[in-house]
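Novice:
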DNA sequence: GTTCAAGGTTAATGATATTAGTTTTTGGGA
DNA sequence: TCCCAAAAACTAATATCATTAACCTTGAAC
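Protein chains in written order, with this note's numbering: chain A, 1 to 186; chain B, 1001 to 1186.
1. Classify residue 134 of chain A: buried if its beta carbon has 16 or more other beta carbons within 10 angstroms, exposed otherwise.
2. Mind checking whether residue 1152 of chain B and residue 1094 of chain B have CB atoms under 8 Å apart?
3. Quick check on DSSP: helix, strand or coil for residue 155 of chain A?
4. Straight-line CA distance for residue 1119 of chain B to residue 1177 of chain B?
5. What does the Cβ neighbour count give for residue 68 of chain A, buried or exposed, with the cut at 16 atoms within 10 Å?
6. Hey, would you say residue 188 of chain A sits closer than 8 Å to residue 84 of chain A, going by beta carbons?
7. Residue 1159 of chain B and residue 1103 of chain B - do their beta-carbons sit closer together than 8 Å?
8. Which chain A residues sit within Cβ distance under 9 Å of residue 1176 of chain B?
9. Tell me where the alpha helix (DSSP H) around residue 68 of chain A begins and ends.
10. From residue 1058 of chain B to residue 46 of chain A, what does the alpha carbon distance come to, in whole angstroms?
11. Can you check which of these residues, B:1112, B:1025, B:1023, B:1164, is closest to residue 121 of chain A by C-alpha distance?
12. Just verifying my parser: in three-state terms, what is the DSSP assignment at residue 14 of chain A?
13. Can at least three beta-carbon pairs, one atom from the stretch 1025-1039 of chain B and one from the stretch 1070-1084 of chain B, be found at a separation below 8 Å?
14. How would you write the range of the alpha helix (DSSP H) that residue 1170 of chain B sits in, first residue to last?
15. Can you check the stretch 2-48 of chain A for any alpha helix (DSSP H) of at least 4 residues that lies completely inside it and give the ranges in chain order?
16. Does the Cβ of residue 1139 of chain B have 16 or more other Cβ atoms within 10 Å, making it buried, or fewer, making it exposed?
17. Among the residues of its own chain, which have a CB less than 7 Å from the CB of residue 24 of chain A, if the five just before and after it don't count?
18. Excluding the 5 residues flanking residue 65 of chain A on each side, which residues of the same chain have their C-beta closer than 8 Å to its C-beta?
19. Note down, in chain order, all residues in the stretch 1016-1033 of chain B with a beta-carbon under 8 Å from any beta-carbon belonging to chain A.
20. Residues of the stretch 112-126 of chain A with a CB closer than 7 Å to any CB of chain B: list them in chain order, please.
21. Roughly how many angstroms separate the alpha carbons of residue 175 of chain A and residue 1144 of chain B, rounded to a whole number?
22. Quick check on the DSSP output: the alpha helix (DSSP H) that includes residue 160 of chain A runs from which residue to which?
23. Please report how far the alpha carbon of residue 3 of chain A lies from the alpha carbon of residue 71 of chain A, in whole angstroms.
24. Along chain A, which residues have their Cβ under 7 Å away from the Cβ of residue 1106 of chain B?
25. Taking only beta-carbon atoms, is residue 1069 of chain B less than 8 Å away from chain A?
26. From which residue to which residue does the alpha helix (DSSP H) around residue 1083 of chain B run?
27. Using the beta-carbon of each residue, which ones in chain A are nearer than 9 Å to residue 1110 of chain B?
28. Residues of chain A with a CB under 8 Å from the CB of residue 1100 of chain B: which are they?
29. When we look at the beta-carbon of residue 1109 of chain B and count the other beta-carbons within 10 Å, is it buried (16 or more) or exposed?
Right, here's the structure in full:
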């Protein structure tokens, strides 16, 4: 391997994530990214097809991180609602730890930035089995979708600064999910 | 009034909305916008401070449109859950009719594009009173937040192409909200 | 030491938002 | 009727992007 590489795809991706998280998505330019990595801008194109492809990779990493954060809570002690509450808590915690990249990943305005939706849906199947314990098998898919919607929607409204009228958001989140599960349990 | 204006802020805004909705947010450039309006790009700056300000105005219009679409259902016949279901249906319908601008409005990745959050929260107060009929006064704020989260989250996941495993999304949406309301009603 | 290909650089292109300075238009006052 | 002031447009220029093409640089293998 002549000419040892100064950078690689991995470091580009993690640096991009950090940069986005600290400066905001709009501030991410390949110029700035290259400067931080100590390299000229066109060099990045040896590892990344385009800025769009880079952002899509960032989004894929976000989803992987998110699922890595919540999956361990699938097989924990307690009944289904208890485990779902733990998953919901971990879900929100992850979003709070990575607010900008989380928001970017779930931003639908640019279709090219979306990871493969089929892959996405597949990762969620184990959670459907858990939800089935609450809603019954028949309704497990719509029940899961509502749960995902509730978690995602709450977190997004929070991150968008739209839940600022006071009150404890932690308990509001848990209360809402508990109510949702109770409603399906009937 | 010397030199009658060829454009005005209003037509810039509506054209921008149309352009975003038809071509996607990323495709909106001031050049293209100016060309459609039959004017050179710098002329836009007489009416709009910056592209960011224009997008914020688009978002404000989106929120106004959304609330205009759901508010009429506040005072309709039936009990509170029935009225909330009508509101939820109208909410989702609006998002489906304006998918791109709805997504843009709720995209938190760029803080400068957000309309005044205080204003936002104020607009939602009448709905809290309705929610109180289901949850009781004490819990009306968290219960409302969960409802908004559920509606918004569901719609966003839909628009982001993340609910593609089949099944009837219309009934999944309504079922989930019904379950949520039932859970609070206990 | 020559070769060769991976990795990096320089230079250039076209699009972008934005600003400064200039020109065009026209209604109201002379 | 003519002029003029100011509103509203325009031209020109700048800086920053992402991206591409063409050219160097390195160092391991022969």
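In this text, a Cβ means the ideal position worked out from N, Cα and C, and glycines have one as well.
Specialist: To lay it out plainly:
1. Stepping through the first chain from its first residue, residue 134 of chain A is reached at position 134. By the neighbour-count rule (16 or more Cβ atoms within 10 Å), residue 134 of chain A is buried.
2. Taking the second chain and counting its residues from 1, one reaches residue 1152 of chain B at position 152. Taking the second chain and counting its residues from 1, one reaches residue 1094 of chain B at position 94. Result no, Cβ atoms of residue 1152 of chain B and residue 1094 of chain B do not sit closer than 8 Å.
3. If you number the first chain from 1, residue 155 of chain A lands on position 155. DSSP places residue 155 of chain A in helix when its eight states are reduced to three.
4. The sequence position of residue 1119 of chain B within the second chain is 119, counting from 1. The sequence position of residue 1177 of chain B within the second chain is 177, counting from 1. Straight-line Cα distance between these residues: approximately 26 Å.
5. Locating residue 68 of chain A in the first chain gives position 68, where the first residue counts as 1. Residue 68 of chain A should be labelled exposed.
6. Coverage of chain A is limited to positions 1 through 186, which leaves residue 188 of chain A absent and any answer about it impossible.
7. Counting from one through the second chain, the residue named residue 1103 of chain B turns up at place 103. Counting from one through the second chain, the residue named residue 1159 of chain B turns up at place 159. Cβ distance < 8 Å, so residue 1103 of chain B and residue 1159 of chain B count as in contact.
8. Position 176 of the second chain, counting from 1, holds the residue named residue 1176 of chain B. Under the 9 Å cutoff, chain A gives 142, 143, 145, 146, 147, 149, 150, 180, 183, 184.
9. As a position in the first chain, residue 68 of chain A is number 68, starting the count at 1. It spans 51-70 - the alpha helix (DSSP H) in which residue 68 of chain A sits, taken as one unbroken run.
10. One-based indexing of the second chain puts residue 1058 of chain B at position 58. One-based indexing of the first chain puts residue 46 of chain A at position 46. The straight-line gap from Cα to Cα measures roughly 38 Å.
11. Position 121 of the first chain, counted from the first residue, corresponds to residue 121 of chain A. Looking at the Cα atoms, B:1164 is the closest of the given residues.
12. Locating residue 14 of chain A in the first chain gives position 14, counting from the first residue. Helix.
13. no
14. Here residue 1170 of chain B refers to the residue found at position 170 when the second chain is read from its first residue. First-last of the alpha helix (DSSP H) with residue 1170 of chain B: 1169-1185.
15. 9-23, 30-37
16. Position 139 of the second chain, counting from 1, holds the residue named residue 1139 of chain B. Counting Cβ neighbours within 10 Å, residue 1139 of chain B comes out buried, since at least 16 surround it.
17. Looking up residue 24 of chain A in the first chain gives position 24. Here the set comprises 100.
18. Position 65 of the first chain, counted from the start, is the residue given in the question as residue 65 of chain A. For residue 65 of chain A, where only same-chain residues beyond five positions count, the Cβ hits under 8 Å are 94, 98.
19. 1024, 1025, 1026
20. 114, 117, 120, 121
21. One-based indexing of the first chain puts residue 175 of chain A at position 175. One-based indexing of the second chain puts residue 1144 of chain B at position 144. Their Cα atoms are separated by approximately 11 Å.
22. For this step, residue 160 of chain A is matched to residue 160 along the first chain. That residue, residue 160 of chain A, is in no alpha helix (DSSP H); it is neither H nor E in DSSP.
23. For the purposes of this step, residue 3 of chain A is taken as the residue at position 3 of the first chain. For the purposes of this step, residue 71 of chain A is taken as the residue at position 71 of the first chain. For residue 3 of chain A and residue 71 of chain A, the distance between alpha carbons rounds to 41 Å.
24. Within the second chain, the letter at position 106 stands for residue 1106 of chain B. Going along chain A in sequence order, the residues near residue 1106 of chain B (Cβ under 7 Å) are 156, 160.
25. Looking up residue 1069 of chain B in the second chain gives position 69. Not closer than 8 Å to any Cβ of chain A, the Cβ of residue 1069 of chain B fails to qualify, so no.
26. Within the second chain, residue 1083 of chain B is the residue found at index 83, counting from 1. That run of the alpha helix (DSSP H) goes 1080-1097.
27. Position 110 of the second chain, counting from 1, holds the residue named residue 1110 of chain B. Going along chain A in sequence order, the residues near residue 1110 of chain B (Cβ under 9 Å) are 24, 25, 26.
28. The residue given as residue 1100 of chain B occupies position 100 in the second chain. Result: 109.
29. As a position in the second chain, residue 1109 of chain B is number 109, starting the count at 1. Buried: at least 16 other Cβ atoms inside 10 Å.
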